[in-house]
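Protein chains in written order, with the working numbering: chain A, 12 to 465; chain B, 3 to 403. Ideal Cβ positions, reconstructed from N, Cα and C, are used throughout, including at glycine.
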């Protein structure tokens, strides 16, 4: 029944069409003439803000976007200028970057690496973005950072807390202002010892991706150094919304501390489940059962409501920092004021890091005198600055990680209003959380060289 | 030509011309104009159009012909991607071995899943495939982390032990995927007045493979094997009563469509060497079902149209934000402007799912045959009363031997 009509003419025709098809790709040998990817030629420059608008980190993403919009306003000389006036480098004049007006495009990462790459690619290829920022998941940040390196644009990481972002997966074109899991653990350990003693038994629930793994590894190492024992570590899917099946085994494990290596919506749900199971009223070995959340934020405290009271964690920044801890943290109030004026509530730490990153990028371009990514990398490496709300900060050249003070915070027992849900327990100085670039938890990575693309 | 009848040849040629000229067709608006937001002629999205076109063409061979609705096809796409990335990590940055391996692995995987799932039909088959796909997703997401790198996704690194080729280039970066030296990222830009057209090597490779895949699918549709698959769809019981065993045919169709999915996965990884577990999630499987139904299940070109439609929405509508809206409606008085933006807001940005859902409902209700039926209706309306002629030509179509 099969039909074969192999004729001389048919073969010739088919061959010709096929040959033409095969020959086609040879026209792509030429590359474009510009010196680097997306060199801005007109009177404006485009930045790409790639944040999660859906998924477990959507709240953080929304706040990041607000901060980005505010930063662009300030760079273009609109609004009150925010931290531009307190920033130690006074290169930015409010006339855009290198005299070019700043424009921006936004995208939704969906908290998925694939979608985030697609969105970032469209910003680079379609909208001509010269810098990509944002991301509220380390998995996404690592993926987008790798893309930026390949495409030859700068990636200014937003909220990403995994050690890998500037450790195993560090890239020359990527920079992180936010602190990391190791720093959280280093800052938390002394406080945990003071509050809960040094013979505790800890049970870990960990978000199953790069951030969760490194967070758990860091906090387990730091607490075991105190003398704590790690009873168990259970990995939970990032997309999970109900953690009751993970909480139930904790009750009979003999543990007296639960460490929730969760963030965003994950943490809100797991903490709520833990409180519903009565963990906080429980007594084990004659001591109160305690819950620790290594990475904390105002947005999570708001989501968790009363459950957050008294729970200890760490933060990169808090809007009350300058008021409570003095002028070292100058810039904080200026930023809170302009953010509050525009949106009616204080910014989260995600917003602060994204705002700072945008300013740092703009300043680096201004100092380098070029948008060329390699110039920007040189300008940012080893850059010491102050006045962006975190006190004196160093952008370390070896791994493109910022080193600054870390906050240890606690859920307020009697919050005066919904903006004071978190109280600052202690500020851990930068020296105490600094580690060598080849520390085992960060080893195996290589920056490579900066890639200007094109 | 190519052993096709005149009508199929012209369809193939039309698709070929569309694919060849896509950079022009998809970029109708000048750079910098307000409508440039709707331009889709940039490499990443064009690649996605054709790659998901391949995925949907393959799915259509199973669903369109046999009527077996698989809800787990994304698993094959994911498996294909992982195989390709491992090939890049271990063997060479050339895309050919990567694509070959992804097709083979996906085919074997489909054989395994198909052998089990095809023991049932209808809803039970769908549920079985869904279960298998979710199992694969869970495996990739956490259990098989050493192979898949979990949620972070499998990526290339600077110290991959690449047998043929270098771990890192002379300037210390990761080598890029290529076809015998032709970089997949390579793009030639053509500026014509205010317009900018981008011709990307990776896109043309994908388009070429899509054309081959499309051609193969036409051959399958027109072959005795295709006829047998259609028989499965129309009345499997009658087939069984006449003494024919339908299982080998359905299994073959399942494996073929699984290999198409693997090919799409391999191509995705070749264009962008990253494989994430979310490619295997049930939403991704559902997406290809939507593509096929939206375009027109059982038609040749429908799935490609459907794939393009959905990817366009995902990438273009999701990027429209309020700032853009304010630009568009800036000419309106202030209060009215805010009001219009407020009304449109839920349908753009993160609301693109909503817009797509509404469109999907409209298509299913008013055009059960998908976009293809819409095209036919418009065609008929344009030709006025020539419809009669059409019927005559249909009547003269002979049944296949």
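Query	Result
For the beta strand (DSSP E) that residue 215 (chain A) lies in, which residues bound it at each end?	212-218
Three or more C-beta pairs closer than 8 Å, one from the region 220-232 of chain A and one from the region 263-274 of chain A: is that the case here?	yes
Which chain B residues sit within Cβ distance under 7 Å of residue 157 (chain A)?	157
Could you pull out every unbroken alpha helix (DSSP H) segment of at least 4 residues lying fully inside the region 291-362 of chain A, listed in chain order?	309-315, 332-336, 343-354
Alpha carbon to alpha carbon, how far is residue 206 (chain B) from residue 36 (chain A)? Give it in angstroms, no decimals.	Low per-residue confidence applies at residue 36 (chain A): pLDDT is 44, beneath 50, and the placement is therefore not dependable enough to give any value.
Got a sec? Which residues, its chain only, sit under 7 Å from residue 228 (chain B) by beta carbon, not counting five neighbours each side?	67, 222
Check each candidate in B:17, B:86, B:6 and name the one with the smallest Cα separation from residue 270 (chain B).	B:86
The region 318-330 of chain B: which residues have C-beta closer than 7 Å to a C-beta of chain A, in chain order?	320, 321, 323
Compute the Euclidean distance between the alpha carbons of residue 350 (chain B) and residue 327 (chain B), then round it to the nearest angstrom.	9 Å
What in chain A is Cβ-close to residue 122 (chain B), meaning under 9 Å?	Correct list: empty, because the minimum Cβ distance to chain A is about 28 Å.
Can you give me the start and stop residues for the alpha helix (DSSP H) that residue 27 (chain B) sits inside?	8-27
Report the option in A:177, A:143, A:237, A:90 whose CA atom is closest to the CA atom of residue 456 (chain A).	A:177
In the DSSP assignment, find the unbroken alpha helix (DSSP H) run with residue 223 (chain B) in it and report its ends.	203-224
Extract the residue ranges of the alpha helix (DSSP H) inside the region 332-394 of chain B, only unbroken runs of 4 or more that lie entirely within it.	336-346, 354-368, 372-384
Nearest CA to the CA of residue 325 (chain B): which residue from B:302, B:110, B:36, B:187?	B:36
If the cut is a Cβ gap below 7 Å, which residues of chain A does residue 160 (chain B) touch?	457, 459
Are the beta-carbon atoms belonging to residue 275 (chain B) and residue 90 (chain B) less than 8 Å from one another?	yes
How many Å lie between residue 33 (chain B) and residue 197 (chain B) at the Cα?	5 Å
What do you get for residue 130 (chain A), buried or exposed, if any count of 16 or more other CB atoms within 10 angstroms of its CB means buried?	buried
In this structure, how does DSSP classify residue 74 (chain A) when only helix, strand and coil are distinguished?	helix
Pull up the distance between the alpha-carbon of residue 280 (chain B) and that of residue 77 (chain B), whole angstroms please.	10 Å
Starting from the beta carbon of residue 228 (chain B), find every residue of chain A whose beta carbon is closer than 9 Å, and list them in chain order.	In chain order: nothing, as chain A lies at least about 12 Å away.
Which residues in the same chain have their Cβ closer than 8 Å to the Cβ of residue 463 (chain A), if we skip the five residues on either side of it in sequence?	46, 47, 48, 163, 383, 384, 385
Quick one, are the C-beta atoms of residue 444 (chain A) and residue 419 (chain A) less than 8 Å apart?	no
List the endpoints of the continuous beta strand (DSSP E) containing residue 324 (chain B).	Note, residue 324 (chain B): premise wrong, no beta strand (DSSP E); alpha helix (DSSP H) at 324-330.
How about residue 123 (chain A): is its C-beta nearer than 8 Å to some C-beta of chain B?	yes
Under a CB-based cut-off of 8 Å, is residue 248 (chain A) close to chain B?	yes
Here's the rule: buried if 16 or more other CB atoms are within 10 angstroms of the residue's CB, otherwise exposed. What is residue 145 (chain A)?	buried
What residues in the region 44-55 of chain B bring their beta carbon closer than 9 Å to a beta carbon of chain A?	44, 45, 46, 47, 50
By DSSP, does residue 410 (chain A) sit in helix, in strand, or in coil?	coil
With a 10 Å radius around its C-beta and 16 neighbouring C-beta atoms as the bar for buried, classify residue 124 (chain A) as buried or exposed.	buried
Where do the ends of the alpha helix (DSSP H) carrying residue 386 (chain A) lie?	384-391
Just tell me which of A:90, A:136, A:188, A:65 has its CA closest to the CA of residue 415 (chain A).	A:188
Can you tell me whether residue 207 (chain A) is buried or exposed? The criterion is at least 16 other CB atoms within 10 Å of its CB, across all chains shown.	buried
Run through chain A and tell me which residues come within less than 8 Å of residue 41 (chain B), C-beta to C-beta.	137
Just grab the DSSP bridge partners of residue 157 (chain B) for me.	B:276
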